[in-house]
Amino acid sequence: MTEVKKDIAITGMTCSACANRIEKGLQRLDGVKSATVNFATEKAAVSFDTELTDSQAIQEKIRSLGYDTVKEEVDLQISGMTCAACSTRIEKGLSRMEGVQKAAINLALETGKVEYDPTVIRSAEIIDKIKRLGYDAALKNEIPEGSEDHRQKEIKQKTRLFYVSALLSFPLLWTMFAHFSFTSWMPVPDWLMNPYVQWFLATPVQFGIGWIFYEGAYFALRNKSANMDVLVALGTSAAYFYSVYLVLIDSTHGLYFETSAVLITLILLGKLFEARAKGRSSDAIKKLMGLQPTMALVEKDGSVVEIPIGDVQIGDILVIRPGASIPVDAEVVSGESAVDESMLTGESLPVEKTVDDVVYAATVNANGSLRVRASKIGKDTMLSTIIRVVEEAQGSKAPIQRLADQISGVFVPIVVGIAVVTFLVWYFAVTPGDFAQALTAMIAVLVIACPCALGLATPTSIMAGSGRAAEQGVLFKTAEAMEQTKAIDTVVLDKTGTITKGVPEVTDFLVAHGRDKDRLVALAAAAESDSEHPVAKAITSFGLDTVGDIPNVEKFEAIPGHGIYSVVRGSTVWMGTRKLLADQAIEMDPSISDAAPLENEGKTVMYMAMNGVHVATIAVADTLKETSKQAIQELHALGLNVIMLTGDQERTAKAIAAMAGVDHVYAGVLPEGKAEIVASLQAEGKRVAMVGDGINDAPALAVADIGMAMGTGTAVAMEAADVTLMHGDLLRVADTIRMSRLTVKNIKQNLFWALAYNSIGIPIAAAGLLAPWVAGAAMAFSSVSVVLNALRLQRVKLR
Numbered sequence: 001m002t003e004v005k006k007d008i009a010i011t012g013m014t015c016s017a018c019a020n021r022i023e024k025g026l027q028r029l030d031g032v033k034s035a036t037v038n039f040a041t042e043k044a045a046v047s048f049d050t051e052l053t054d055s056q057a058i059q060e061k062i063r064s065l066g067y068d069t070v071k072e073e074v075d076l077q078i079s080g081m082t083c084a085a086c087s088t089r090i091e092k093g094l095s096r097m098e099g100v101q102k103a104a105i106n107l108a109l110e111t112g113k114v115e116y117d118p119t120v121i122r123s124a125e126i127i128d129k130i131k132r133l134g135y136d137a138a139l140k141n142e143i144p145e146g147s148e149d150h151r152q153k154e155i156k157q158k159t160r161l162f163y164v165s166a167l168l169s170f171p172l173l174w175t176m177f178a179h180f181s182f183t184s185w186m187p188v189p190d191w192l193m194n195p196y197v198q199w200f201l202a203t204p205v206q207f208g209i210g211w212i213f214y215e216g217a218y219f220a221l222r223n224k225s226a227n228m229d230v231l232v233a234l235g236t237s238a239a240y241f242y243s244v245y246l247v248l249i250d251s252t253h254g255l256y257f258e259t260s261a262v263l264i265t266l267i268l269l270g271k272l273f274e275a276r277a278k279g280r281s282s283d284a285i286k287k288l289m290g291l292q293p294t295m296a297l298v299e300k301d302g303s304v305v306e307i308p309i310g311d312v313q314i315g316d317i318l319v320i321r322p323g324a325s326i327p328v329d330a331e332v333v334s335g336e337s338a339v340d341e342s343m344l345t346g347e348s349l350p351v352e353k354t355v356d357d358v359v360y361a362a363t364v365n366a367n368g369s370l371r372v373r374a375s376k377i378g379k380d381t382m383l384s385t386i387i388r389v390v391e392e393a394q395g396s397k398a399p400i401q402r403l404a405d406q407i408s409g410v411f412v413p414i415v416v417g418i419a420v421v422t423f424l425v426w427y428f429a430v431t432p433g434d435f436a437q438a439l440t441a442m443i444a445v446l447v448i449a450c451p452c453a454l455g456l457a458t459p460t461s462i463m464a465g466s467g468r469a470a471e472q473g474v475l476f477k478t479a480e481a482m483e484q485t486k487a488i489d490t491v492v493l494d495k496t497g498t499i500t501k502g503v504p505e506v507t508d509f510l511v512a513h514g515r516d517k518d519r520l521v522a523l524a525a526a527a528e529s530d531s532e533h534p535v536a537k538a539i540t541s542f543g544l545d546t547v548g549d550i551p552n553v554e555k556f557e558a559i560p561g562h563g564i565y566s567v568v569r570g571s572t573v574w575m576g577t578r579k580l581l582a583d584q585a586i587e588m589d590p591s592i593s594d595a596a597p598l599e600n601e602g603k604t605v606m607y608m609a610m611n612g613v614h615v616a617t618i619a620v621a622d623t624l625k626e627t628s629k630q631a632i633q634e635l636h637a638l639g640l641n642v643i644m645l646t647g648d649q650e651r652t653a654k655a656i657a658a659m660a661g662v663d664h665v666y667a668g669v670l671p672e673g674k675a676e677i678v679a680s681l682q683a684e685g686k687r688v689a690m691v692g693d694g695i696n697d698a699p700a701l702a703v704a705d706i707g708m709a710m711g712t713g714t715a716v717a718m719e720a721a722d723v724t725l726m727h728g729d730l731l732r733v734a735d736t737i738r739m740s741r742l743t744v745k746n747i748k749q750n751l752f753w754a755l756a757y758n759s760i761g762i763p764i765a766a767a768g769l770l771a772p773w774v775a776g777a778a779m780a781f782s783s784v785s786v787v788l789n790a791l792r793l794q795r796v797k798l799r
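Numbers 1 to 799, taken from the UniProt record's numbering, label the letters of the sequence shown in order.
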């Protein structure tokens, strides 16, 4: 059995019922293992057995249900790219194919994402095209699990080639000591100065180890383009064949065998360092993948058995022992424990879990034993979602990358032209007739100008920045979102669940003089325990937290719009509005009857009477999250304007705004009104980030320049957003903007140094001030330095 997973875009859905209908239809199709349709993104994620069905049959099934499919996406693993010109050439080649709608190739990750119309072209044709361009490609989801990572293979291969090349090149490098007066004191064996020995040593380096450059150059030129391989092949071939010519005419002076061999060796060393550094930049995904356990303890037929995680089914009861990693997303059935969720949220403090709470795959159970019911498995777990989002963000292309792509597309032909001009100027003008000097200057220009650093400048920063952000609980969906976030100047915050906790809490419990507060708290909690009203739940919860056990209710009656009446321990208890007490002819106690100060703070005020006497006044409010005020202060410190949107009444909204420190408030706003306000701010020229957590925030999240969804919110909100904040903490908003600014700054540093390096290096080489082997070392160092600069982002401390 060969199982493949594919994303299929669907059009024509009008509601979530459409998505459910398509899911059920696909799941009935022979060969389909699983199908998940997302109404918000208009995509279906389908896993199927290729021996029983194919993507075309799946699309025909979707069409038979009354919907349409526009495109498919394939994720490719591509090997053989050496510079930005390679990735640009693949993109252009694929984009010219009929049916291909979009192609994005990532040089640093060595991946590609291609969108295409499956009715016009198939994924196999796309792979064939890449191979005809001179590279190797495979579908990522068809690479067998457990197979050796392609980057590790690349590192091993480059290491072997480098060692062989270095072994053959070292004797040639030694001969260079005889060329300079200041190194003439060093002994050089006579046999090494024999031109035939040098020819013998240089040939396997040039055509054995260096064959990869000839092969790359051939495919590039065949496809009417040029890349780094063309420059290396031209430079080293010129040095090698000129040396062969001198040997054949019996000239022993001016041989350049050591130049060609040492250049190839140095370039290989640079590529080896580069591959290792690029591997480090994607460490975030490897860490995430390594967190999930491979085995799970499952209750079967009255006993606990250990099974592979792949065999766990939804609904299975799992046993989670202290210190163990949780295998899947699940709901707690029994037990209590603290769970370390730092890998999801970046929050170091463990979270207390009890019955009905949700636990997530790869989080760590701290001290108690839990029994949990599996609710999400495999690719549907929160961990898999995070990995998928990070991979997509790292594989996508930031707008700033277009500059590098445009430059690299014309860079190599220009360099070849400069090299030819350099040779002619030296041969005919600077040192007339001195072929060796002209050749040296030309080779130095060709080698130092390799555009590797330019191609790595943006993707390595995006990989390192998005990976580090994910470790801290901030998920950027795309590289574009990561770049655009830095330009935000206005942050719009939803109130409920974003600035506030979203759950009413008792803030004040005022009792009449001489009354026992604990007794009244217990009676009030008991009286409200049978009510489903959020305020009632807040009072009951407050009682349980304050006094512990509460008495039983002997009689309960809800009075709609006014409050409740109950009998507790023989006492009659009335709880509700001022009018409720007035209707029962209960006189208000002046010492606790003034509700104005509480109401001005946006609190809901209730009155409690016992046996016909007003005994307590209770204020309930949706309170600020502990970090909201600090978070808004940090946003102000970043130079941002902070606005609050809420459907709440104006008095409550202004009270919350005053406590939180926001700049402006829009109250009484309906869900569609939130999107309209965001659009009006944009019309004023503002760059707006919307932060929310509920279904009602989804329209505004989609309209905003950057939508940020709290990970504690709804799935719809997270689908509509560009950034997901895994921890329900506003401090992460400031972290997100900081990370974006740092990443874009890092990209600009890389682009500046890559361009400055070539701008400075080419003239120096053309002026004859740079030996070819020094140019080769400098070229290798430039690529490594760009990657190492990007890796600094992995050490950023956000919080």
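All C-beta atoms, glycine included, are put in the ideal place defined by N, C-alpha and C.
| Sequence-distant residues of the same chain with beta carbon closer than 8 angstroms to ARG321, five excluded per side | LEU297, ASN365 and SER369
| query | Looking only at DSSP bridge pairs, what is TRP753 linked to? | reply | Note: TRP753 sits in no beta bridge, so no partner.
| query | Does DSSP classify VAL716 as helix, strand or coil? | reply | Since pLDDT at VAL716 reaches only 49, below the 50 mark, its modelled position is unreliable, and no value is offered.
| message | Using only the alpha-carbon positions, how far apart do ILE400 and VAL787 sit? | response | 17 angstroms
| Residues that ASN552 bridges to, as DSSP identifies them | ASN552 is not bridged to any residue.
| message | Tell me the DSSP secondary structure of SER147 in three-state form. | response | Because the pLDDT at SER147 is just 47, under 50, the model does not fix this residue reliably, and the value given afterwards should be weighed accordingly. Coil, per DSSP.
| Just the Cα atoms here: how many angstroms apart are MET382 and VAL615? | 49 angstroms
| query | SER243: buried (16+ other C-beta within 10 angstroms of its C-beta) or exposed? | reply | buried
| query | Where does TYR666 sit, in a helix, a strand or coil, going by DSSP? | reply | strand
| query | When the Cα atoms are used, what is the spatial distance from GLU554 to ASP589? | reply | 27 angstroms
| field | Alpha carbon of SER87 to alpha carbon of ASP229, nearest angstrom | value | 13 angstroms
| message | On the CB-based measure, 16 or more other CB atoms within 10 Å of its CB, does TRP211 come out buried or exposed? | response | exposed
| Check whether VAL333 and VAL351 have beta carbons under 8 angstroms apart | no
| request: Would you kindly work out how many angstroms separate the C-alpha atoms of ALA226 and LYS158, rounded to a whole number? | output: 23 angstroms
| Opening and closing residue of the beta strand (DSSP E) in which LYS33 lies | 32-38
| message | Closer than 8 angstroms is the cut-off here; do at least three beta carbon pairs connect the stretch 614-630 with the stretch 515-522? | response | yes
| message | Rounded to the nearest angstrom, what separates VAL425 and LEU475 at their Cα positions? | response | 54 angstroms
| message | Measuring alpha carbon to alpha carbon, tell me which residue in LEU670, ALA675, LYS674 and ASP705 is nearest residue 817. | response | Outside the shown range of the chain (1 to 799) lies residue 817, about which nothing can therefore be said.
| query | Which residue spans inside the stretch 92-126 form an unbroken alpha helix (DSSP H) run of at least 4? | reply | none
| task | Would you check if there are 3 or more beta carbon pairs closer than 8 angstroms linking the stretch 52-64 to the stretch 29-38? | result | yes
| query | Rounded to the nearest angstrom, how far is the Cβ of THR490 from that of THR646, given a contact under 8 angstroms? | reply | Not confirmed; about 17 angstroms, so no contact.
| Cβ neighbours of LYS71 in the same chain (closer than 7 angstroms, five flanking residues each side left out) | ALA9, GLN101, GLU115, TYR116 and ASP117
| field | Residue environment, ASN367, which counts as buried when at least 16 other CB atoms sit within 10 Å | value | exposed
| query | Shortest alpha-carbon distance to GLU483 belongs to which of GLN206, ALA124, SER783 and ASP722? | reply | ASP722
| request: Have a look at the DSSP bridge pairing and note the partners of ASN365. | output: VAL339
| query | Out of curiosity, what's the CA-to-CA distance linking ALA166 and PHE257? | reply | 14 angstroms
| task | Within the same chain, show all residues whose beta-carbon is closer than 8 angstroms to that of residue 800, passing over the 5 residues directly before and after it, in chain order. | result | The displayed coordinates of the chain run from 1 to 799. Any statement about residue 800 would go beyond what the structure contains.
| Quick one: what does DSSP say ASP508 is sitting in, helix, strand or coil? | strand
| Distance, ALA756 Cα to THR14 Cα | 52 angstroms
| task | Say whether the stretch 620-627 touches the stretch 572-590, bearing in mind that this needs 3 or more beta-carbon pairs closer than 8 angstroms, one atom from each stretch. | result | no
| query | Going by beta carbon distance, what residues of the same chain come within less than 8 angstroms of GLY310, once the five residues before and after it are set aside? | reply | GLY378
| request: Say whether the stretch 597-604 touches the stretch 570-580, bearing in mind that this needs 3 or more beta-carbon pairs closer than 8 angstroms, one atom from each stretch. | output: no
| request: Have a look at LEU638, VAL703 and PRO763 and flag the residue whose alpha-carbon is nearest the alpha-carbon of SER740. | output: LEU638
| Can you name, in chain order, every residue of its own chain whose Cβ lies under 6 angstroms from the Cβ of GLY112, other than the five neighbours on each side? | LEU76, ILE78 and ILE105
| said: By alpha-carbon positions, which one of ILE317, ASP136 and ALA734 ends up nearest to LEU640? | reply: ALA734
| Does DSSP classify THR743 as helix, strand or coil? | helix
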